[in-house]
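Inspection log for the structure reproduced underneath, given as structure tokens.
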Amino acid sequence: MRKNSVIETIEKQKWLETAGNTLQPAVMKAFKAGDDTGQQIKDALHGTWLGHPLHPAITDVPIGAWTTAAVLDGLELMGKKKYKPGADAAVAIGLIGAAGAAFTGLTDWTGTTKAKRKVGLMHGILNAGATALYATSLVLRKRKSTRGTAISLSMLGYSIVSVGAYLGGHLVFRNQVGVDHTATSDTYPEDYVAVLPENELTENSMRCVKAGEVAILLVRQEGEIFALANTCSHLGGPLSDGDLLSEGRVRCPWHGSVFSLQNGEVVNGPATEPQPKLEVRTKDGQIEVRLPKE
Ligand code: FES
5 MRKNSVIETI
15 EKQKWLETAG
25 NTLQPAVMKA
35 FKAGDDTGQQ
45 IKDALHGTWL
55 GHPLHPAITD
65 VPIGAWTTAA
75 VLDGLELMGK
85 KKYKPGADAA
95 VAIGLIGAAG
105 AAFTGLTDWT
115 GTTKAKRKVG
125 LMHGILNAGA
135 TALYATSLVL
145 RKRKSTRGTA
155 ISLSMLGYSI
165 VSVGAYLGGH
175 LVFRNQVGVD
185 HTATSDTYPE
195 DYVAVLPENE
205 LTENSMRCVK
215 AGEVAILLVR
225 QEGEIFALAN
235 TCSHLGGPLS
245 DGDLLSEGRV
255 RCPWHGSVFS
265 LQNGEVVNGP
275 ATEPQPKLEV
285 RTKDGQIEVR
295 LPKE
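Here the sequence shown stands for residues 5 to 298, where the numbers follow my numbering.
In structure tokens, the structure reads:
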């Protein structure tokens, strides 16, 4: 896989690994200390309630607002002074959005490892630096004598946030952080296929089976058989290696997302997307599965 030199340089930075080793457990510990409330806050910041990662939606606010500020600052520099209040308001709105983006991004970052964690940390550092420049700019914009410096700081912040956004795009489009890892429903069987002899699935057990090329989780609990996609929607963990919980729930072994066996819905994040649920029947001693017809 070809990588560009910027990403390669970031991935080689030892200090990012050291910083990640300190910061990541500290953030996770803070959420854990809050017990159920901590879990609820964490889920809310991931976007479990939204059915979509919250961070990329929020990042549109600072990027959009600061792009507006850059345009209005440019017009002011061309002598159109009436755009000054609009530019200042856009910088302030961007700062509010940046706070939300920082909290949601930091929460999503706790699920990353290795090279992704380094790139994610650099993404955060750049955005934090840009935010500091914009905050300073907002203060300096109040005085006529420092307005030129304020606009220069905003422009510098905009350049830095653009590099940060590039790294964010790399994490999503190349590293698949935040994408639905089960989004291959066209490969699930549309007609019933036999996947396992019925007597090989015992009560309170989980099995990973193949339906064609797709890994399926089979569970028997209280006599009922359930089938979900085995690949976790969050970052692709194998659910069959996780924990079978009471009340028809399964927990992913990688970051602890909990899914309902009844419908695949997310009970606890960090996952935000549900697991595809398959229809199950038994026929001629075999367990058969298929995608629901609707
Ligand atoms: S891969 Fe992260 S919770 Fe499953």
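Every residue, glycine too, gets a C-beta built ideally from N, C-alpha and C.
Asked: Would you mind reading off the limits of the beta strand (DSSP E) that contains lysine 4?; Found: Given a span of 5 to 298 for the chain in the structure shown, any question on residue 4 remains unanswerable.
Asked: Can you determine whether any heavy atom of the ligand FES sits closer than 6 Å to the C-beta of serine 261, and answer yes or no?; Found: yes
Asked: Indicate the three-state DSSP secondary structure (helix, strand or coil) for alanine 187 in the structure shown.; Found: coil
Asked: Could you check if glycine 124 belongs to the surroundings of the ligand FES, using beta carbon to heavy atom distance under 6 Å?; Found: no
Asked: What three-state label does DSSP hand methionine 82 in the structure shown?; Found: coil
Asked: Touch check for the region 35-48 and the region 66-79: three-plus C-beta pairs under 8 Å?; Found: no
Asked: Assign glycine 227 to one of two classes, buried (16 or more other C-beta atoms within 10 Å of its C-beta) or exposed (fewer than that).; Found: exposed
Asked: Check this for me: beta carbons of histidine 127 and glycine 172, under 7 Å apart or not?; Found: yes
Asked: If valine 271 and isoleucine 229 are in contact, beta carbons under 8 Å, what's the gap, nearest whole angstrom?; Found: Valine 271 to isoleucine 229, Cβ: 20 Å. No contact.
Asked: Is it buried or exposed, aspartate 195, if we count other Cβ atoms within 10 angstroms and call 16 or more buried?; Found: exposed
Asked: If contacts are defined as beta-carbon pairs under 8 Å, then alanine 73 and alanine 94 qualify, I think. What distance do you get, rounded to the angstrom?; Found: 4 Å
Asked: Taking the runs of the alpha helix (DSSP H) that are 4 residues or longer, which of them lie wholly in the region 44-115?; Found: 58-81 and 88-113
Asked: Could you pull the start and end residues of the beta strand (DSSP E) that valine 151 belongs to?; Found: Looking at the sequence itself, residue 151 is arginine, so the reference to valine does not match. Here arginine 151 belongs to no beta strand (DSSP E); instead the alpha helix (DSSP H) covers 151-177.
Asked: Can histidine 56 and threonine 108 be called in contact, C-beta distance under 7 Å?; Found: no
Asked: Measuring from the CB of tryptophan 113, is there a heavy atom of the ligand FES at a distance below 6 Å?; Found: no
Asked: With hydrogens ignored, establish whether the beta-carbon of leucine 239 is closer than 6 Å to any heavy atom of the ligand FES.; Found: yes
Asked: Return the residue from the list Val143, Arg145 and Ala91 that minimises the CA-CA distance to proline 66.; Found: Ala91
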